[in-house]
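A short worksheet on the structure shown next.
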Amino acid sequence: MVVCRMTLMVCKKKRSEIEKKTKWWKLKKEECLEFRQKLRQALGGQVVLPDDWETTAEVIRETGRKSEKGEVSKAKQKAYDELYTRLDTREGEKDLYRLARQRDRDGKDVQQVRVIKDRDGRVLTSEESVQRRWKEYFEELMNEENEREKRVEGVNSVEQKVDKIRKDEVRKALKRMKSGKAVGPDDIPVEVWKCLGEAAVEFLASLFNRVLESERMPEEWRRSVLVPIFKNKGDMQSCSNYMGKKLMSHTMKGAKRRAVVLYEEVRSSGEVCQSGAGHAVGQTEEFKVEVGLHQGSALSPFLFSIVMDQLSEEVRQESPWTMMFADDIVICSESREQVEENLERWRFALERRGMKVSHNKTEYMCVNEREGSGTVRLQGEEVKKVQEFKYLGSTVQSNGECGKEVKKRVQAGWNGWRKVSGVLCDQKISARIKGKVYRTVVRPAMLYGLETVSLRKRQESELEVAELKMLRFSLGVTRLDRIRNEYIRGTAHVGRLGDKVREARLRWFGHVQRRE
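Residue 277 in the UniProt record's numbering sits at position 277 of the sequence shown; the count goes up by one each step and never skips.
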């Protein structure tokens, strides 16, 4: 059994330890400070001054302060001019989105919570108690193991020789790995291997093959750093409203990329089921994780798909009667009795292999219901009935309408707009750049899933009205300025939203046709 040791990292930096980076301070600023320091020393020493030395000293001080402020102001303006000029180039695109994120964080009242609640809801304030609570929560969450059958019938053990990892496979894995990601406990980013080129490819191929032959991996690969990330909903002081993100060794991730390529080859052959399957308080002690898969590992989705494929083999039906995405399952039936029967079959199939159906998250909906009576039960407990539910980001209504989905798309667009409003509302940034940020951040949130929705003219107009409000806010104009919508769109280089929806429908139709 492979045991993973994990450290809960809840990044801490004291205010005194944070290095202040003032981008526009240059040598002239330092010269001004040096001048003022010499002035203070001169006034306090044995220096012959005129009779009205107090007036003279005050004039000198004021002159020094004005000179200092003037130099800082000029340097600051020059730095910002260079910034906006760089943002208007292709090389400055990454800086543009980084600036938007930074301004969004700076605009929040609460960015980090340094206290947390215990099991009983009491607020913990000391650093030691908060660390203990985080360790206790994640250690219990990640080591909970349900009862299951010890043996799985019908599964034969297969042992065969594993081919050696080739250099071209390592080269392909490194190319597919993204740069700029947080490093694991070994502090070796993937950029190191990319910079070394062929030397890194040769070394990593040799290392990975030694791991395969010896069946032992480096000790650092067993360790990971777990960072709790707030889900942006619920109480910020409750541990259950945080998801743990693992930071693992980039080198280990590169080794697992070979299995991902194998998985893609198996999936393309049709042998897998078609349904698919910072908190600022320091660092806790290590704890073991003996259950489940590495969260964030390239190999985990592949292994999870194999497990779900095996578990659901006896109970799943063809789409649309059964639809699966990771651990979210939709079961469709023509009657309540059939739904209850299918739920029981799924519950039995999952629990006998150590998994559980969440009663709190299970709900049902009747589409075009004629009779309002009747309930659905799971293990004797009544399942919650809803008029709408959200699946894969889209809202499904019981009456078949899409009005609420349109409203949520508008709200999602405004949420995205607020996140980048620090850039969109900056009048020093050109309209072309604002239009690009809008097209890449805001519009995808508004268009998500609409290619499968039958929009009415009124609903399409509702989306376009919201879009024009965002564009007018971004360009600093109002309806009182009497500027036509066509001019607003042309200035920001943004086409009509209705046309983009129709393009998305045609693109989706092409995907469906090619799949058939």
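Just so you know, even glycine gets a beta-carbon here, dropped at the ideal spot from N, CA and C. Values in this document were obtained by computation on a predicted structure and should not be read as measured data.
Looking at S249: is its Cβ nearer than 7 Å to the Cβ of D186? The residue labelled residue 249 in the question sits at position 249 within the sequence shown. The residue labelled residue 186 in the question sits at position 186 within the sequence shown. Contact: yes.
R482 in three-state terms, based on DSSP: Numbered from 1 along the sequence shown, position 482 holds the residue referred to as residue 482. Coil at R482, not helix or strand.
Taking the alpha-carbon positions, what's the G197 to E286 distance? For the purposes of this step, residue 197 is taken as residue 197 along the sequence shown, with counting starting at 1. For the purposes of this step, residue 286 is taken as residue 286 along the sequence shown, with counting starting at 1. Linking G197 to E286 through their CA atoms gives a straight-line distance of about 35 Å.
Under the DSSP definition of a beta bridge, which residues are partnered with R377? Start at 1 with the first residue of the sequence shown, and residue 377 comes out as number 377. Per DSSP, E382.
CA-CA distance, R482 and R496? What you label residue 482 is simply residue 482 of the sequence shown in a count that begins at 1. What you label residue 496 is simply residue 496 of the sequence shown in a count that begins at 1. Here the alpha carbon of R482 sits roughly 19 Å from the alpha carbon of R496.
Do you know offhand how far V272's Cα is from M308's? Counting from 1 along the sequence shown, the entry for residue 272 is found at position 272. Counting from 1 along the sequence shown, the entry for residue 308 is found at position 308. For V272, the predicted model reports a pLDDT of 38, less than 50, meaning its position is unreliable; a value from the coordinates is still stated below. If you take the alpha carbons of V272 and M308, they lie about 10 Å apart.
Once the 5 residues before and after E145 are set aside, which same chain residues still bring their CB inside 6 Å of it? Counting from one through the sequence shown, the residue named residue 145 turns up at place 145. Excluding positions up to five away in sequence, the list reads V291.
Pair within 7 Å by beta-carbon distance, L343 and L378: Taking the sequence shown and counting its residues from 1, one reaches residue 343 at position 343. Taking the sequence shown and counting its residues from 1, one reaches residue 378 at position 378. Cβ distance < 7 Å, so L343 and L378 count as in contact.
Indicate whether the contact test is met: 3 or more Cβ pairs, each with one atom in the stretch 204-223 and one in the stretch 98-118, closer than 8 Å. At 8 Å Cβ cutoff, the stretches do not touch.
Between the Cα of A326 and the Cα atoms of L392, L468 and Q387, which residue gives the shortest distance? Indexing the sequence shown from 1 puts residue 326 at position 326. It is L392 whose Cα lies nearest to the Cα of A326.
Tell me which same chain residues have a C-beta within less than 6 Å of the C-beta of R507, skipping the five on either side of it? Counting from one through the sequence shown, the residue named residue 507 turns up at place 507. Result list for R507: empty, nothing under 6 Å.
Buried versus exposed call for A199 [16 or more other C-beta atoms within 10 Å across all chains shown]: Residue numbering aside, residue 199 sits at position 199 when the sequence shown is read from its first letter. Looking at its Cβ environment, which holds fewer than 16 other Cβ atoms inside 10 Å, A199 is exposed.
Between the C-alpha atoms of R502 and M470, what's the straight-line distance to the nearest angstrom? Within the sequence shown, the letter at position 502 stands for residue 502. Within the sequence shown, the letter at position 470 stands for residue 470. One C-alpha to the other measures close to 21 Å.
Would you mind sorting L480 into buried or exposed? The rule is 16 or more other CB atoms within 10 Å of its CB. Counting from 1 along the sequence shown, the entry for residue 480 is found at position 480. Answer is exposed; the Cβ neighbour count stays below 16.
Quick one: residues in its chain with C-beta nearer than 7 Å to the C-beta of G435, no 5 flanking neighbours on either side, listed in chain order? Position 435 of the sequence shown, counted from the start, is the residue given in the question as residue 435. Excluding positions up to five away in sequence, the list reads A492, H493 and V494.
Whole-angstrom distance between K457 and L247, CA atom to CA atom: Position 247 of the sequence shown holds residue 247. Position 457 of the sequence shown holds residue 457. L247 and K457: Cα-Cα distance of roughly 47 Å.
Those residues which DSSP pairs with F389 across a bridge: Locating residue 389 in the sequence shown gives position 389, counting from the first residue. Beta-bridge pairing links F389 to V396.
V115 - DSSP class collapsed to helix/strand/coil: Counting from one through the sequence shown, the residue named residue 115 turns up at place 115. It is coil, neither helix nor strand.
For Y448, name the three-state secondary structure that DSSP assigns. Here the question's residue 448 lines up with position 448 in the sequence shown. Coil.
For L247, which three-state DSSP category applies? Here residue 247 corresponds to residue number 247 of the sequence shown, with the count starting at 1. L247 falls in the strand class under three-state DSSP.
Going by DSSP, which residues form a beta bridge with Y242? Walking along the sequence shown from the start, residue 242 turns up at place 242. For Y242, which the question treats as bridged, DSSP gives the partners F230.
Express the C-alpha separation of S73 and V465 in angstroms, rounding to a whole number. As a working mapping, residue 465 is identified with position 465 in the sequence shown. As a working mapping, residue 73 is identified with position 73 in the sequence shown. Near 41 Å, if we compare the C-alpha coordinates of S73 and V465.
Run through the DSSP bridge pairs and tell me what L350 is partnered with. Within the sequence shown, the letter at position 350 stands for residue 350. Answer by DSSP bridge pairing: none, since L350 is not bridged.
What first and last residue would you give for the alpha helix (DSSP H) that runs through M324? Along the sequence shown, read from residue 1 onward, the residue named residue 324 stands at position 324. Taken as a continuous stretch (DSSP letters only), M324 belongs to no alpha helix (DSSP H), being part of the beta strand (DSSP E) at T322 to F325.
Touch check for the stretch 226-241 and the stretch 165-180: three-plus C-beta pairs under 8 Å? no
Between residue 517 and T395, how many whole angstroms is the CB-CB distance? I'm expecting something under 8 Å. Residue 517 cannot be examined here, being either before or after the span of the chain that is shown, 1 to 516.
Would R409 and M446 qualify as a contact pair, given that the criterion is a beta-carbon distance under 7 Å? As a first step, residue 409 is located in the sequence shown; it is residue number 409 there, counting from the start. As a first step, residue 446 is located in the sequence shown; it is residue number 446 there, counting from the start. Note that the C-beta distance between R409 and M446 is below 7 Å.
For the stretch 414-444, which segments carrying the alpha helix (DSSP H) assignment without a break, of at least 4 residues, lie completely within its bounds, in sequence order? 421-424 and 431-437
Going by C-alpha distance, which of S305, K356 and V386 is nearest E369? Position 369 of the sequence shown, counted from the first residue, corresponds to residue 369. That would be V386, whose Cα lies nearest to the Cα of E369.
Which stretch, first to last residue, makes up the beta strand (DSSP E) that contains D328? Within the sequence shown, the letter at position 328 stands for residue 328. Unbroken beta strand (DSSP E) run through D328: D328 to I331.
Determine the contact status of V315 and V339, defining contact as a CB-CB distance below 7 Å. Numbered from its first residue, the sequence shown carries residue 315 at position 315. Numbered from its first residue, the sequence shown carries residue 339 at position 339. No, the pair does not count as a contact, with Cβ atoms beyond the cut-off.
With 16 as the cutoff for other CB atoms within 10 Å, does A255 come out buried or exposed? Indexing the sequence shown from 1 puts residue 255 at position 255. Buried, by the Cβ-count rule.
Measuring alpha carbon to alpha carbon, tell me which of S335, W346 and E341 ends up nearest M324. By 1-based counting over the sequence shown, the position of residue 324 is 324. The residue with the shortest Cα to Cα distance from M324 is W346.
Taking the beta carbon of W53 as the centre, do at least 16 other beta carbons fall within 10 Å, making it buried, or is it exposed? Against the sequence shown, residue 53 aligns to sequence position 53. Residue confidence is low: W53 scores 45 on pLDDT, short of 50, so the model does not pin down where it sits. No coordinate-derived value is stated.
Could you give the DSSP three-state label for K108: helix, strand or coil? In the sequence shown, counting from the first residue as 1, residue 108 sits at position 108. Note: K108 maps to coil in three-state DSSP.
Can residue 575 and G498 be called in contact, C-beta distance under 7 Å? The first residue shown for the chain is 1 and the last is 516, placing residue 575 beyond what the model contains.
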